[in-house]
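See structure below.
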Amino acid sequence: MPRRTPRNALDRLRTPSRFPGFLKNASVCVLIAGLLSPLTQAAVAAEPTAAANDYCGGQCSDILPPGQNGNATLAQVLLNQAFGTQPEHADDQLGPYANLAKGYSTLTNATINTFFNDASFGVPADQVASTLKPANRSDVTIVRDKKTGVPHITGTTRYGTEFGAGYAAAQDRLWLMDVFRHVGRGQLTAFAGGAPSNQGLEQQFWRNAPYTEADLQAQIDNAIATNGARGQQALDDAKAYLDGINSYIDASDSGRYFPGEYVLTGHKDSITNAGTIDHFKITDLVALGSVIGALFGSGGGGEVNNAISLLAAQEKYGVTEGTKVWESFRERNDAEAVLTVHNGESFPYATRPDNPQGEALPDPGSVVEEPLVYDRTGSAATSTATTASSSAAKTALTSAKRGMSNALVVSGKSTASGHPVAVFGPQTGYFAPQLLLLQEIQGPGISARGASFAGLSMYVELGRGQDYSWSATTSGQDIIDTYAVELCQDDYHYVYRGTCTAMDKVERQNAWKPTTADGTAAGSYTMRVWRTKYGPVAYRATVGGKKVAYTTLRSSYLHEADSIIGFQMLNDPDYVKSPQTFQSAVQHINYTFNWFYADSQHTAYYNSGDNPVRANGVDAEFPVWAQPAYEWRGWNPTTNTADYTPASAHPNSIDQDYYISWNNKQAKDYTTASWGDGSVHRGNLLEDRVKKLVAAGGVTRASLTKAMADAATVDLRAEDVLPDLLKVVGSSTVTDSTAAAAVSKLQTWLSAGGKRTETTAGSKKYADADAIRILDAWWPLLVKSEFEPGLGTDLYTAFTNNLPVDEAPSAGHGPTGSHAGSSFQYGWWSYVDKDIRSVLGESVQGPLGRKYCGGGTLSACRDILISTLKEAAGKTAAQVYPGDDQCSAGDQWCADSIVQRTLGGIKHGKISWQNRPTFQQVVEFTSHR
């Protein structure tokens, strides 16, 4: 199957691919020479920053590739495109990050910072690269260190501190911030160009958050009004932060050192400096927040697809048996699933009701996706553009939300020092510049270092405080429900609590023309969303012959700004002083995340999100009627607020022996919205390694980092499913020479650890390359041959719409696409594992509804596996890895490789595959306040 390069909508952002041709113009060479010396920013004499109450004892480290500097002038962009020249600190964290893949086996505590940065507070005097008083303010200083160029912001007033944070963010990510405020408003094409990828990106996000300017402002007003003094402080901080951003815009504009992308997209003139860079305003922060929340913190949806596959199962097997089969594939509460809270404590949420009420399942074949784009003209009407729209809609409506991120946290009871050790971070993808930025902020009521999303960095969002550190992984519990609103009068009126009510029409009209950066021909379209009290319309169908619109209601809808309070608390050293106060802080974050904490004495975990209290009998898996009896309890449609489950009902824990998370199931009876939490999950790769370390005792920063890095290079299918597949194949002698040779290669690879690593660092050739190629080719073939005959084509297809078959590093048919690093989050490995073990006669807790491989007989199953294995072994590397815009056909290493997707004009080299967080911390605090 051909691979699609993009891993998600962000990867599809159009970048200046036409630069090489542009550079052939001789006048541009003259222009470069003239631009090499733009006016520089005023700086003061270098001075060190003091380590402010740092209790980590030099044992806190972090890394964030490719580099801190995400801004580049026009001259720097052009030189990079022509000669590969990198601006200072644009890629200096990429090498150390990449080197861990082959270097972790000999890692010691003393060599950790060969692969990470020292994340201690402050900058030693001999490591100060520059010191800046932004806008000549006396109340804030930005010091950047020599090694990485990370800003260390120190303020004597709260306003000055936040002003400095805004100024530093704009220094490092102004173009990226501008891009994403336009993405959040559904206006990217008019700003950055009409490439089909840009069209898909704005469509994906605006479909889920179709806000007007008034909606954005209302979110701010609400967050302030409902949070007392902290709400007012957040507003003051945001205003100061914006003042800092806008001060940099003015300075860089007059000094002509603003990002070169503004020239290349037609917003500024390179000769006269005509044109403007719009100031940021407070609603821009909410627009940015809506993008980040939709990407990483909004679990749920998919109820219509669930209904379609349930109906297909019932059609195949009958209602009773079909429901049983459907539930076995859904794995809502699988007994073999790896858990983050593993002490047996139960946290029931979104469980299956005994007697479901209010279900509104569609009539078979009646579901039609709601159109988003109308009135296409020019390049918006091409087949490539409409394909991008289809992909964006699929991504926006699926329950297989982007997960990523992992965490390994070990209690001091099992460490060599007696202090907890944590290795954790968010897996946010690989971009140039990176979505996140590093910073240290020290000022009144703020003391933290770590990562923040560009444009939202008034606080550190993931990082460390004076004597504690915290991080998060995406949790994915269901906070999105689908309602069937009965239509009345016409297709744009619906019955709301007994009254025929008009839907609210919200539109965006976008038009574009060619620029140097994006030569896409002129075009335009209108995006149109119909909103109801129950959320935006996503589908239309009939239910029992009645015409309905299916809407999606998200608990964080109209509340993207609310989480700012939780982040403010995490940065406040006077608030977070213990695991309990940490848990209290993250309870104020309404995004669906797993939060982890470590200080010198304790560890903690908490699952955040506004989990709505559903009406009795409502099954969160399926659409329900839009009627008062089935609404969220306490729901106020005007503010979209409701009753939420109490903090004690969210999975939480303090001082468990260890915690692992890789977007796996949180706790017993706690249902996540996406499918695939079964017997084999990538969380098992961490669980098995950390559990072994804890049993042996004496865990160190190095040993826990090695466990993470080892899991990051392993093929999940090889480690946890291949042994049983080979057991079936080997149940009698393999006489076919082709199959026997393939089995031998797979067994050799398995004995070597089942890793996807280079022969030597930099070789760009895999050890056990043939075995890896065989498994990559075999997996989709064996899954189809194992399950489709028993399920039937219709049900098999419906189930693959609920859960993709595979997500290998090179796969282009999973939700993360290719060159993305993150792999093995979604796939049928649990189904294959359970089915094969059942055929082998082994004990299976929570088996599938029936046996599928070979109809349940070992010999027939073996025949299927050998037949598909032979077919896979015969596929060439060029067939398995067909090539794309990054790699030639047959280049296996390149197909897996991680690409820093360009969101601006600077490009970076590929690195070898690793399945690990993008920003990552390694921490062990030695003392406590």
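Numbering (our numbering), first residue to last: 761 to 1689. C-beta: ideal position from N, C-alpha, C; glycine also.
Secondary structure at residue i, three-state DSSP: helix, strand or coil?
i       : result
Pro1540 : helix
Ile1532 : helix
Glu1546 : helix
Cys1692 : Residue 1692 cannot be examined here, being either before or after the span of the chain that is shown, 761 to 1689.
Lys1273 : coil
Leu1197 : strand
Ala1705 : The shown model of the chain, from 761 to 1689, leaves out residue 1705, and the question about it has no answer.
Arg1136 : strand
Met1468 : helix
Ser1368 : coil
Asp1251 : strand
Tyr1077 : helix
Gly1641 : The amino acid at residue 1641 is misidentified as Gly; the sequence shows Tyr. Three-state DSSP puts Tyr1641 in coil, outside helix and strand.
Asn896  : helix
Gly794  : Per-residue confidence for Gly794 stands at a pLDDT of 38, beneath the threshold of 50, marking its modelled position as unreliable; no derived number is given.
Ala1214 : coil
Thr1147 : helix
Just how far apart, CA to CA, sit residue i and residue j?
i       : j       : result
Lys1265 : Thr1286 : 12 Å
Pro1193 : Phe1685 : 31 Å
Thr1398 : Lys1293 : 8 Å
Ala1455 : Gly855  : 34 Å
Asp1278 : Thr1025 : 7 Å
Arg1461 : Leu1168 : 11 Å
Gly1443 : Arg897  : 48 Å
Gln1639 : Glu1631 : 12 Å
Leu1196 : Thr1678 : 9 Å
Ser1491 : Gly1062 : 40 Å
Gly1020 : Gly1189 : 24 Å
Asn1412 : Arg990  : 25 Å
Ile1206 : Arg933  : 22 Å
Between residue i and residue j, is the Cβ-Cβ spacing less than 9 Å?
i       : j       : result
Leu1070 : Phe1382 : yes
Tyr1591 : Phe1547 : yes
Pro1122 : Val903  : no
Asn987  : Pro1333 : no
Trp1588 : Asp1480 : no
Asn1371 : His1319 : no
Gly1236 : Ala1433 : yes
Val1489 : Val1503 : yes
Pro1607 : Ser1106 : no
Arg1090 : Ala1110 : no
Ser1672 : Lys1524 : yes
Using CA coordinates, which residue listed in the options is at the minimum distance from residue i?
i       : options                            : result
Ser1208 : Met1329, Leu838, Tyr1612           : The sequence shown places Ala at residue 1208, not Ser. Considering only alpha carbons, the answer is Met1329.
Gly1172 : Ala1364, Thr1261, Ala1277          : Ala1364
Asp1094 : Thr1032, Gly1634, Tyr1430          : Tyr1430
Thr972  : Glu1267, Thr1261, Gln887, Ser1149  : Glu1267
Val1336 : Thr1628, Gln1226, Thr1520          : Gln1226
Gly1049 : Gln963, Ala1214, Pro1019, Gly1061  : Ala1214
Arg1374 : Trp1435, Trp1395, Phe1184          : Trp1395
Ala1321 : Ala1637, Ala1073, Ala1054          : Ala1054
Gln1681 : Lys1273, Tyr1612, Arg1224, Phe1584 : Arg1224
Glu1129 : Gly882, Gln836, Val1297            : Val1297
Cys816  : Ala870, Ile872, Ala879, Ala842     : Ala879
Ala974  : Ala850, Ser1058, Ala1047, Ser821   : Ala1047
Tyr1134 : Trp1673, Gly1283, Cys1248          : Gly1283
Gln1361 : Gly1189, His1179, Tyr1310          : His1179
Asp1645 : His1688, Ile1626, Cys1621, Ser1578 : Ser1578
Pro1655 : Ser1570, Tyr1612, Ile1596          : Just to set this straight, residue 1655 is Ala in the shown sequence, not Pro. For the residues Ser1570, Tyr1612, Ile1596, the minimum Cα distance to Ala1655 belongs to Ser1570.
Ala861  : Ala1529, Asp1496, Ala1471          : Ala1471
Just to check my reading of the structure: residue i and residue j have Cβ atoms closer than 8 Å, yes? What is that Cβ distance to the nearest angstrom?
i       : j       : result
Asn960  : Ala1271 : Note on residue identity: the sequence assigns Gly, not Asn, to residue 960. Contact doesn't hold; Cβ gap of about 17 Å is too wide.
Ala1182 : Ala1345 : About 17 Å separates the two Cβ atoms, so there is no contact after all.
Trp935  : Asn831  : 6 Å
Tyr864  : Ala1469 : 4 Å
Gln1199 : Ser1174 : That pair is no contact at about 33 Å.
Arg1314 : Gly1060 : 7 Å
Of all Cβ atoms in chain B, is any one closer than 9 Å to the Cβ of residue i?
i       : result
Gly1203 : Although the question refers to chain B, the structure presented lacks it and comprises just one protein chain.
Is there at least one non-hydrogen atom of the ligand MG closer than 8 Å to the beta-carbon of residue i?
i      : result
Lys999 : The ligand MG is not part of this structure, which contains no ligands at all.
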